[in-house]
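Numbering (my numbering), first residue to last: 1240 to 1476.
Scroll down for the structure; my scribbles are underneath it.
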């Protein structure tokens, strides 16, 4: 339903509600907003009363009903016990840009129910949901900040893991170079071992030859010794 389909009184109520929503305080000032809201609606009342007077409707009863629905039967200047209420302060919120391509769809039953509600109940419901929205927005803000903090912590861990991974890759490259060097050294050792074994074989063959020669020389020396001894014995006899 658009604004053009509303009656003049409904348009005034909706326009006033829109102004009220734009002036909603933050959660820190919810308990102190009564007096400022009263002053705000008093100024609205004067403005609407002037318009109504020009149109022959100077009683301003609709505005009084709306103000009573928003602030209760009390005047808003103090509590039922006569105590003076706390000083209130409104914060001018920055202008909010809304996407024009957003489409909100409601069932016909909900739309008809809203259309059939009286202005007082609509205002009370609007204020109730606005208050709940402020409380919920504070909770959502806390959750969002916690989520951002957790994401930041996770990002820090991811960065640390990336650094460790890079260090491991560098260390892996060093080990790979060492492995290649050791593999080359192993080949050299095997080659040297093969040459050494070959040399040992040659030395063993030479040793066998020398041993045979030595054994032959020892035999000849023994024979020569025996001959000398025998000749010496024969010479004495």
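Yeah, the Cβ is synthetic: ideal placement off N, Cα and C, and Gly gets one too.
Burial state of residue i, where buried means 16 or more other Cβ atoms lie within 10 Å
{"i": "residue 1456", "result": "exposed"}
{"i": "residue 1287", "result": "buried"}
{"i": "residue 1426", "result": "exposed"}
{"i": "residue 1362", "result": "buried"}
TODO: Within the stretch 1401-1438, note down every full alpha helix (DSSP H) run reaching 4 residues or more, in order along the chain.
DONE: Qualifying alpha helix (DSSP H) stretches: none in this window.
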